[in-house]
Amino acid sequence: MGSLYSEHRTWLHAVPAGWKLLFLLLLSTGVFWLSNPAWLAAVCLLCCGLFASLGRAVASGRRLLLSLLLAVVLVLGFHALMQQTMVGLVSVLRLTSATLMSIALTLTTRSADLQDVIERMLQPLQHLGVRTSRFALQLALMLRFVEHFFVVWKRLDDSHRLRTGKAGGLRLLAPLTIQMLQAAKRVADTLAVRLGD
4 MGSLYSEHRT
14 WLHAVPAGWK
24 LLFLLLLSTG
34 VFWLSNPAWL
44 AAVCLLCCGL
54 FASLGRAVAS
64 GRRLLLSLLL
74 AVVLVLGFHA
84 LMQQTMVGLV
94 SVLRLTSATL
104 MSIALTLTTR
114 SADLQDVIER
124 MLQPLQHLGV
134 RTSRFALQLA
144 LMLRFVEHFF
154 VVWKRLDDSH
164 RLRTGKAGGL
174 RLLAPLTIQM
184 LQAAKRVADT
194 LAVRLGD
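So this is what it looks like as structure tokens:
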């Protein structure tokens with residue numbers, strides 16, 4: 004499967020995966036406790052600065068940034084139509100902060116490192132009979148499939164642009180769905196062989 008992990012080393016690559024995950028958890032929770040637009044704007048600016056500090060590593064996440072921009076426009080547009088501009092602004096600031104840090108985590112952390120952190124976090128549940136290694140694997144696979152979705156989408160869009168000179172748009176849905184289903188089947192077959200289930 005394709006990965007959005009950036010091989011271009013940044014300062015954030017050196018931070019352990021557990022600390023990055025903890026920061027993302029605290030940030031995501033914190034921005035939903037805040038409702039003051041000024042405080043949210045300050046947090047959003049800080050997140051933008053941290054994200055920009057990754058330099059060339061950000062190039063791998065261009066497609067994710069475009070998706071974020073589209074979401075921002077849609078949320079602001081919807082709230083403007085509902086005459087709730089301030090609610091829209093607060094929502095966009097929260098969304099932008101959490102998403103930028105999530106993308107930064109994706110670009111600078113290997114899936115295996117995240118899986119190790121999740122397994123360590125879930126270890127106490129083993130005493131209750133929970134098979135934590137499988138649960139951690141499920142979470143890691145979910146993260147990888149989200150990542151793989153954007154990699155495949157970008158590849159299909161790039162090849163469509165080369166052929167036609169235009170963006171693929173909705174025309175890419177059918178081939179994207181087929182490729183994602185094929186990837187899911189390959190992973191399922193591999194897991195069935197390895198795990199024996």
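Okay, so the sequence shown: first residue is 4 according to our numbering, each after it adds one.
For glycine and all other residues, C-beta sits at the position ideal for the given N, C-alpha and C.
No experiment lies behind these values; they were computed from the predicted model shown.
For residue i, which residues in the same chain have their Cβ closer than 8 Å to its Cβ, ignoring the five residues on either side in sequence?
i    : result
A187 : F148
Give the DSSP-derived three-state secondary structure of residue i in the structure shown.
i    : result
S9   : coil
P19  : coil
S31  : helix
S38  : coil
V133 : coil
M183 : helix
K188 : helix
G171 : coil
L176 : helix
S56  : coil
Can you find a heavy atom of the ligand FAD that lies under 7 Å from the Cβ of residue i?
i   : result
T13 : Looking at this structure, you won't find the ligand FAD or any other ligand, since it has none at all.
Flag this pair as yes or no: are the beta carbons of residue i and residue j separated by less than 8 Å?
i    : j    : result
M104 : P40  : no
V93  : L29  : no
G64  : L110 : yes
L67  : I106 : yes
A45  : T13  : no
L125 : A20  : no
What does a CB cutoff of less than 7 Å around residue i pick up in its chain, not counting 5 residues either side in sequence?
i    : result
G171 : L159, D160 and H163
S38  : V93
L79  : G91 and V95
G58  : T13
A74  : L98
How big is the Cα-Cα spacing for residue i and residue j?
i    : j    : result
C47  : D192 : 42 Å
L128 : W36  : 29 Å
A143 : R189 : 16 Å
M4   : A177 : Because M4 sits at a pLDDT of 47, beneath the cut-off of 50, its placement in the model cannot be relied upon, and the point is left open.
T135 : E122 : 6 Å
S9   : M145 : 19 Å
V18  : Q86  : 43 Å
V120 : L98  : 25 Å
M183 : V155 : 8 Å
L96  : I181 : 35 Å
A101 : K169 : 31 Å
F152 : L179 : 8 Å
R174 : L69  : 18 Å
Can you list, in chain order, the residues of its chain with a C-beta nearer than 6 Å to that of residue i? Leave out the 5 residues immediately preceding and following it.
i    : result
L108 : K23 and L27
L1   : Residue 1 falls outside the range modelled here, since the chain spans only 4 to 200, and no answer is possible.
Counting only C-beta atoms, is residue i closer than 8 Å to chain C at any point?
i    : result
M183 : In the structure shown, chain C cannot be found, because there is only a single protein chain.
Query - Contiguous alpha helix (DSSP H) assignments of at least 4 residues, all confined to the segment 75–117 - result: Counting only runs of 4 or more, we get 88–111.
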